[in-house]
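Chains as they are written, first to last, in our numbering: chain A, 91 to 221; chain B, 91 to 221. Yeah, the Cβ is synthetic: ideal placement off N, Cα and C, and Gly gets one too. Please read all numbers here as calculations on a predicted model, not as lab measurements. In what follows, a structure is listed as structure tokens, so that the remarks can point back to it.
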């Protein structure tokens, strides 16, 4: 397994993380995901972590980085499928998932992304060139 | 990683296979997937194998079995994301992917599933109770 597949669903990208992330794989995912956001002009990214039993500070930082990178490219990121035990650990360890939106599952994640995208488009329209 | 996540998208289920399948994991996936089809009354199953570099006869049989099982429960299965090298191997080795529909990617897979579901509903309506 040299890389994590990125699935295209309309103008969203879906990534399901199922394997232990190490440095190289995390970097490859960041590269790949930012590349795909640009290639497909994606407006949103869904990251499913339902397979992860542990989210440590390394994974947390990776998720924050991906959210910040995709936002710079015009796409919002929502992390879905977090297990209850993972949510407990994140709060107890005081991990800051900066800028990372979360939702219960893929369907709620898609709904959240749609509202984030609409919000962003409203801001962009407002900031657009004046007549 | 004790099991492969199954993501719900409307009345479809999406599975992305990223790890080497062994007997126990394949059985767990079959159990889990058939359970989810019943639980969510799913009409279609998408299996993404874009991460797999090799599809051997074990994986081929598992895909055929899943397709047959889900069909018995009223859901069609489409395998998506097959790599060119995998397609070559499957044909050269004469592997029979019985009953397994395939499509290039998730989006084309969803379109194929929708037409298979419509076809099936038409047959079911035709075979339904007579007035």
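Worksheet item: Considering only residues of the same chain and omitting the five flanking positions on each side of residue 132/B, which have a CB-CB separation below 6 Å?
Response: Answer for residue 132/B: 101, 103, 165, listed in chain order.
Discussion item. Output needed for residue 176/A: all residues of its chain with C-beta closer than 6 Å, excluding positions within five of it in sequence on either side, in chain order.
Written reply: Cβ within range, chain order: 145.
Worksheet item: Looking only at its own chain, which residues have a Cβ that is under 6 Å from the Cβ of residue 206/B, when we skip the five neighbours before and after it?
Response: Apart from the 5 residues on each side of it in sequence, residue 206/B sits with its Cβ closer than 6 Å to the Cβ of 166 in its chain, given in chain order.
Discussion item. Checking the sheet assignment: what are the DSSP bridge partners for residue 134/B?
Written reply: Beta-bridge pairing links residue 134/B to 102/B, 166/B.
Fill in: Minimum Cβ-Cβ distance from residue 214/B to chain A less than 9 Å
Output row for residue 214/B: interface = no.
Practice prompt. Kindly list, in the order they appear in chain B, the residues whose Cβ is closer than 8 Å to that of residue 108/A.
Written response: Ordered by position in chain B, the residues that pass the 8 Å Cβ test against residue 108/A are 91, 94, 95, 106, 108, 109.
Worksheet item: What are the partner residues of residue 192/B, as DSSP defines its beta bridges?
Response: DSSP, once it has assigned bridges, lists 169/B as partnering residue 192/B.
Item to complete: Look at the alpha carbon of residue 200/B and the alpha carbon of residue 196/A, and state the distance between them as a whole number of angstroms.
Response: Looking at the two C-alpha atoms, the distance is approximately 16 Å.
Discussion item. For the segment 136 to 154 of chain A, list every residue whose C-beta sits within 7 Å of some C-beta in chain B, in sequence order.
Written reply: If the cut-off is 7 Å between Cβ atoms, the segment 136 to 154 of chain A has 138, 140, 141 near chain B.
Discussion item. My output table needs one value for residue 96/B: the three-state DSSP class, helix, strand or coil.
Written reply: If DSSP states are grouped into helix, strand and coil, residue 96/B belongs with the strands.
Worksheet item: Are the beta-carbon atoms of residue 150/A and residue 178/A separated by less than 9 Å?
Response: Taking 9 Å as the Cβ cut-off, residue 150/A and residue 178/A do not qualify as a contacting pair.
Item to complete: Report all residues from its chain with a CB closer than 8 Å to the CB of residue 187/B; omit the five preceding and five following residues, and keep chain order.
Response: Exclusion of the five residues before and after residue 187/B leaves 150, 153, 154, 169, 180 as the residues of its chain whose Cβ lies within less than 8 Å of its Cβ.
Worksheet item: Shorter than 9 Å from the beta carbon of residue 168/B to some beta carbon of chain A?
Response: Chain A places no beta carbon closer than 9 Å to that of residue 168/B, leaving this residue out of the contacts.
Worksheet entry | Selected residue, minimal CA-CA separation from residue 114/A, among 142/A, 94/A, 211/A, 160/A | Taking only the C-alpha atoms, the option nearest residue 114/A is 94/A.
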